[in-house]
Amino acid sequence: MTCRTSVRDVRASAASAVLGVTRPVLTGAVSAALVLGGLTYQAPALAQASGPIKIGFNTELTGPWTFFGNSCVAGLKMANDEINKAGGVLGRPLEFVTVDNQTSPTQAVAASRNLDVNDKVVALTGPTSSDTALAMYGYAEQQKIPYLVPVAAFPQLTKPGTRYTFRIEPDAAGWGYVIARFLEERKPGAKVALMYSDAALMHAIVAGFKYQAPRSKLTIVSDVMFPQGSSDATVQAAQVRAANPDYVIVMGAGAFDNVMQNQLLDLGIKPEQLLHPYGITTQVFGWGQRSAGMIYGSFFDHGLDNLPAEGRDFIKRFDAANGRPPSYVENYCYNTPYIFKQALELAGVVDREKLRDAFSRMKGREVTTGLPVSFDKNGARKEYIYFMQLLSVDGKRTYASKQIYYHEWDADAIPVYDLVK
Amino acid sequence: MSLLQVNGLVRRFGGVVALRDVELTMEAGETLGMIGPNGSGKTTFVNIVSGHLASDAGTMLFDGESITGASPHQLAARGLTRTYQAVRVFSGLSVARNIETASLLRRDARAGAGAGAGRADGATVDELAEWLRLDRLMGKPAGSLTLFEQRRLELLMRLAQRPRLIMLDEPVGGLALTEVREMIELLAQLKARCSLFVIEHTMRVIRELADRVVVLMAGEKIADGAPDEVLRDKRVVEQYLGTVHA
Amino acid sequence: MSARRWAVALGLLALALPFVLEGNRFLAFVYSIVMIHLIWANGMNLLYGYVGLMPLMFAGVAGVAAYAMIYLTRSHEWSFWLAAPMASLGASLFGVLLGLPSLRLTGFYFTLCSLVIQTVITLAFVFFPTFTNGDTGINQIAPPQAPWGGALSGVWMDETLAIVAVLSVLLCGWIVSTRLGKRFMAIREDDVLAEVLGIDVVRDRIIAFFIVSMFASIGGCLFAVTIGFISPRSFDVLTSLNIWLFVAFGGRGTLIGPIIGTIVLAPIPYLLQELQGFKDVLSGVLIIVVTLLMPGGVWGELLRWRDRRRARRALAVGQT
Amino acid sequence: MSDATLLVVASTLSTGLILGAIFALVAAGVTIVYGCVWLPNASNGQFFLLAALAAWSLTGAGLGSAAAIIMVLLLGLVLSLGLEWLLVRRLYDVPNRNVACFVLTLGLTQIMAGIFSMTWGRWSDQYTLPPLVSGITMIGPFPMTNNRILVLLIALVVLAASFALLRYHRYGRALRAVFQNREAAALRGVDVRAVYRMSFLLGSSIIFLGGLLFALAYSFDLTVAWTMSVTAFAIMIVGGPGSVLGALVVGMVFGFTQAIVSIFASPTAATFSYLLAMLAMLLFKPTGLFLR
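If you want it as structure tokens, here you go:
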């Protein structure tokens, strides 16, 4: 048994090794180390001078958020190809180096480092889940790499003092705030019930809603939080039904969102009373035809009014390629290369510090919607949201919806960073 | 003062009484045999005395001190140890490691009396190994030994601890006839070194080894005395010996 | 070369690698992650390989230590070098508490019990956000202070991890060679027999849980400052299972086995990121093949082959 | 009682029964494999998920739910046979097969998780099966979908059938004999390996069915695999390995605890309470509540 080598022996030989008695061993170890080092050593980071402009795209290609990561890739690739076909940026092609963070914060940090060190990317962009984004945020701020966040709504990504991180999606506490404003308008003095999963994003939305609800004269009649891994909500749905609310705000992690929706509908809550703070295409397919009439928040939907031709074109081409209409996730990821293009052209050179400055002063536009893209001193964007009403769902192919509300507000309309730590 | 004194031992399993007011004393240097049909409570008795099982009532003294409720390792430290009906050695470890583990906790070593280190009651572990003919098997995994070798190893591991009393639960169980002969000889030599408590079905073992015999029937002690007397006792013959080949 | 010289060479190599990998901060990072897992695997091996209990709440204990360390450094402005040992000590006492079921349960029952405990801990991390910030996690965890002022980072942080990892191997080897280690192995082989031979099984199991929780805790604190971000998912049952897998794959109850397991399996998800789902398939196939061909783990099986060959040779010599 | 109270009471019953029945079913599958063959299958959560995902794809391709279920069960049978032939049978004679099997099936779990993220994981973030039957039955003021009633019935019938099989059928007797003493059973002419194979197939099929029923009653996503694995193992141990009755009773107790505590406290308290109850059970009655 190997375990029988006693420590006294090891200590003795360690001493003898230091004294040079076992020189061959030491030499062997050091030369092995040097060989390994030679294999791994690379020249220190040089600014990217020629070849494609590399940007690190760190996203979820495996693990529970696989779908979001892959949807994002689909949108991003489309735009990237278009840009390169049209001549690239600053006369060079744009390349997104995609790495898989496995929906794990630890892996996201490792992947960021890989992109930073081995690919020497000029900027990072990436994940679609909040905790991986927060882990990357720490890395980007520490290593001073510009970091553009396409789809992660957690407010702390743009907390005061943030310098290198810029977020495209409005922050989640704001969504909660505007839901209260919206319901106040639709039915003054409404009674509202909340059902949500114990997850970072949901907590931020709820915090914003609870802040604004008394100011909008809304009453919260029921407030149910489910631990992660819940699978049934019938009892809570019955309790919510018994509290007789005018509206139920529903947001669950993954499939549990749909479980809550269906169980509320089973118990006789009308679709018109149901409000989801956000809805993407697969979610809508899950809700199905029986949910027609319900309301969901969005930042891009093929049912939006007044979409410019570029937006309609994007929807058509995405649908043709992927068999489903895009939602805001794909839209933000589609816009990401264009936002990079605008910022890089503003910076004029491929340099991290210059690119950061360009982001902070850019006045760009989303190519699909024409909405302005500019960031405040913390990297947050002007807040906005649409509320859509679901009209009909056609199997797993498409659905119809109409825009019923649009609102824009300043990020500091509510004390976001006091509400969410 | 007796070496072991058991008073009014009671143990129930559910509704079944396994031991009913069992009284027993044992003097130092004595070899006591315990016999009785299957299910009469012999192993339960050993389990309780050796600390594996709690009693429902009764007290136990070992060398004049109470051992009621003591755990097996505390008893081992005082010199009371046991073997099992199904042989039990560390089958994944080598014979040498088995013996080493057993001598880790030798009584005198723990008590701090370094003088006897490496010796088990006058004999070194090596001498014991030679005596038990294990000295050439040291490197083998204990699990690969024959049953008889394992029985001898078991014995050596107990002796390495310098016990004052060894409780043997069927020491010749499963052995071939020649091996039984040998085992009895070994145990007879052992009698000089420490007290033995032997559970056996094989009457030969009891006749040749025991100074005194106790008979358990359905949890009750029905006889206690010299082997010749007890084995001739009418009740014992009718209820027990009649059923086994003596 | 003798086994001892090999051990010294490996130790020196482990200590030298951070300087070698300095040129590539990504590989250096992967190396430091492997070192942390090595600390963990050694702890797991002590309990699983030598005492014979498979604790799936291992990561939970590491998490408790990490959160406690962060709380002490953030809210009480303690230095990492004071906070980490204190947090580890506290978490280890907690680990002893979680180990108490082992006094009644052994084998697979204890494993399942620890699985339930780990599930409760993970839920508690999410549900009681005072110390953990819930599902959101804690980001921008400051690196430890360097003795020469400033933050300990880069190659010196990696070197610190390598030193702790090498120490953990040495410590493990030392514990195993002591009377305590021999008692552990006796308990692993047969706890009832160990008790009859005078081993206080209850006390020794408690000691084992304390030592092992210390390994888990120190690894947890170092993990937090190395990654800079932790959330409840950093310390969930999958983390425990992974560490256990390293030990079982390499060979439980040997000093070398867990090192092999960690070095082979731990870097896969980092170095093969481009392979996406294939990398899971690859490591799964690797695990299955090794289990079927080497049920005692890589090193355990190599030792067995060696022993068998020696026995055959001895037999051959005996016959001639 | 007011309608509102009745509604809550009825919904509690419905939740407790359905959750309980599905968890009992999966635990029964686990218990048959672990309790009889002593092979802990760490990948049974993935089996469960695979069944649900396969049914989702088949119904998406236009197959009816009932046809999809039968197809998936057949598929599951083929898959388990293949797995038994390729991997599991190699462990029957390994001395420490508990551990070997756990490691092996963890490897299998990784493979399946990798495959899922390259396939279904890319196609959607959540999955719902069309109901087997449509319509709603009113139980007092509580509307229960016929689909869920049918799911409950299937689960209970399968549980009863496997109980009867293990208790009264020749196979069940052989299995108990093998469990008590493998060598003795072999001497008495029981084909031990055949019994093992049968148990693995039966257990796996029941887990597959559990996945299908879960998918019919609820929407699901990829995270359900682990939750299911942990819960099923815990239920099996508390109920007593090898006891289908134990799995049923403990599964139901678990379902009802979750439903009832969440009325009076919160869903989180419910989850904590059932986990702590299991812990207490393990500590104070480690052999399980029911004998096989």
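Protein chains in written order, with numbering that gives the first Met the number 0: chain P, 0 to 420; chain Z, 0 to 245; chain A, 0 to 319; chain Y, 0 to 291. From the three backbone atoms N, C-alpha and C, an ideal C-beta is built for every residue, glycine too.
- Here residue 158/A is buried: its Cβ has 16 or more other Cβ atoms, across all protein chains shown, within 10 Å.
- A distance below 8 Å separates the beta carbons of residue 206/Y and residue 43/Y.
- Looking at the DSSP output, residue 202/P shares a beta bridge with no other residue.
- Around the beta-carbon of residue 348/P, fewer than 16 other beta-carbon atoms lie within 10 Å, marking it exposed.
- From the beta-carbon of residue 69/P, the residues of chain Y found nearer than 7 Å are 121.
- Counted as a single uninterrupted DSSP element, the alpha helix (DSSP H) harbouring residue 106/P occupies residues 104 to 116.
- Of the residues 296/P, 272/P, 386/P, the one whose Cα lies closest to the Cα of residue 247/P is 272/P.
- Approximately 20 Å separates the beta-carbon atoms of residue 203/Y and residue 56/Y; this is outside 8 Å, ruling out the contact.
- Only 135, 136, 138, 139 from the stretch 135 to 153 of chain A bring a Cβ to less than 7 Å from some Cβ of chain P.
- Look at the beta carbons and you see the stretch 293 to 305 of chain A not touching the stretch 119 to 129 of chain P: under three pairs across the two are nearer than 8 Å.
- Taking 4 residues as the shortest admissible run, the stretch 185 to 236 of chain A contains the following complete alpha helix (DSSP H) segments, listed from N- to C-terminal end: 190 to 195, 200 to 226.
- Contact of residue 92/Z with chain A is assigned, a C-beta pair being separated by under 8 Å.
- In the DSSP assignment, residue 296/P is bridged to 386/P.
- Of all residues in the stretch 248 to 272 of chain P, the ones placed with a Cβ closer than 9 Å to any Cβ belonging to chain Y are 252, 253, 254, 255, 256, 257, 258, 260, 261, 262, 265, 266, 267, in chain order.
- Per DSSP, residue 254/P is not a residue of any alpha helix (DSSP H), being assigned neither H nor E.
- With respect to the C-alpha of residue 22/Y, the residue from 172/Y, 229/Y, 95/Y having the closest C-alpha is 229/Y.
- Listed along chain Z is no residue with a C-beta nearer than 7 Å to that of residue 292/A; the closest approach is about 21 Å.
- Here the alpha carbon of residue 170/A sits roughly 29 Å from the alpha carbon of residue 101/Y.
- When 310/A, 287/A, 252/A are compared, the shortest CA-CA separation from residue 51/A is found for 252/A.
- For residue 192/P, the enclosing beta strand (DSSP E) has its first and last residue at 190 to 196.
- Nearest neighbour of residue 132/Y by Cα position, chosen from 244/Y, 65/Y, 217/Y, turns out to be 65/Y.
- Going by C-alpha positions, residue 323/P is about 7 Å away from residue 280/P.
- C-alpha of residue 360/P to C-alpha of residue 194/P: approximately 40 Å in a straight line.
- Contacts with chain P at 8 Å (Cβ-Cβ) include residue 113/Y.
- In this chain, the beta strand (DSSP E) harbouring residue 223/Z covers 219 to 224.
- Selection 292/P, 178/P, 95/P evaluated against residue 339/P yields 95/P as nearest (Cα-Cα).
- At least 8 Å separates the CB of residue 105/P from every CB of chain Y.
- For the pair residue 272/Y and residue 260/Y, the Cα-to-Cα distance works out to about 8 Å.
- Residue 33/Z sits in a strand when the DSSP states are folded into three classes.
- In chain Z, no part has a C-beta under 8 Å from the C-beta of residue 53/A; the shortest such distance is about 17 Å.
- With the rule of 3 Cβ pairs closer than 8 Å, the stretch 53 to 65 of chain A counts as touching the stretch 114 to 121 of chain A.
- Burial of residue 164/P is indicated by the presence of at least 16 other C-beta atoms within 10 angstroms of its C-beta.
- Taken in chain order, the complete alpha helix (DSSP H) segments of 4 or more residues contained in the stretch 57 to 113 of chain A are 57 to 74, 79 to 98.
- The stretch 45 to 108 of chain P is shown to contain whole beta strand (DSSP E) runs of 3 or more residues at 52 to 58, 93 to 99, in chain order.
- When DSSP states are grouped into helix, strand and coil, residue 363/P belongs to the strand group.
- Secondary structure note for residue 402/P: its beta strand (DSSP E) is the uninterrupted segment 397 to 408.
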